[in-house]
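I have placed the structure first, in the form of structure tokens, so that the comments after it can refer back to it.
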Amino acid sequence: MGWGVRSLQDIPLGTFVCEYVGELISDSEADVREEDSYLFDLDNKDGEVYCIDARFYGNVSRFINHHCEPNLVPVRVFMSHQDLRFPRIAFFSTRLIEAGEQLGFDYGERFWDIKGKLFSCRCGSPKCRHSSTALAQRQASATQEGQENGLPDTSSSTADPL
């Protein structure tokens, strides 16, 4: 887990909590940056793709951890324009958040496809999808499914040297 952010007071359902702010960069610029811990993808189906990089310029939102049962949801908001490439990211509460409770949002499958190779989720939720246990269960299920489809089990084998 990262730094983490806790609520100082109760936050009612549907309340605006904060905006994810930082440096607006292109997706290609994001690909060459060494540190990607504070990137928020502004997915756009049409045209160029951009990210918000909060590594050097940001606010408390950059310290909000992932949670598999999030109490926040990021919402794309357009204030002074309608350019779909440049939404503002506003976090709203998905339920009552009690004072002292850690804030969290779901980083998404794309994040875990990349980062799940380096570390596992430690949100502590009984419904955690990215813990080391959940990962092992998915791998075992995929191996079993592969065997049922006639594929060899490669989960514990090593390749022969050339």
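Per the working numbering, the very first residue in the sequence shown carries number 30; after that it's consecutive. Glycine included, every Cβ here is placed at the ideal spot set by N, Cα and C.
Whole-Å CB distance - residue i paired with residue j, under 8 Å assumed
i, j, result
"N100", "R84", "Wrong, their Cβ atoms sit about 24 Å apart, outside the cutoff."
"I118", "V34", "At roughly 15 Å, the Cβ-Cβ gap does not stay under 8 Å, so I118 and V34 are not in contact."
"G98", "K156", "It is Glu, not Gly, that sits at residue 98 in the sequence shown. Sure, about 6 Å apart at Cβ, within 8 Å."
"H159", "G137", "About 11 Å separates the two Cβ atoms, so there is no contact after all."
Candidates the options, of which the one nearest residue i by Cα
i, options, result
"S154", "F134, R139, F45", "F134"
"L37", "C157, V78, E127, S160", "E127"
"H96", "Y86, N178, C152, T162", "C152"
"I143", "I40, R91, T162, D65", "D65"
Cut-off 7 Å between Cβ atoms - residues of its own chain near residue i, not counting five sequence neighbours on either side
i, result
"M43", "Sequence inspection shows Gly at residue 43; the Met mentioned does not correspond to that position. If we look at G43 and ignore the five residues flanking it on each side, its Cβ neighbours are F121, S122."
"C80", "I54, D56, A59, L68, F69, D70, L71"
"M108", "R117"
Short Cβ contact (8 Å threshold) for residue i with residue j
i, j, result
"V46", "N88", "no"
"V106", "P116", "yes"
Same chain, Cβ closer than 8 Å to residue i, neighbours up to 5 away in sequence not counted
i, result
"F140", "H95"
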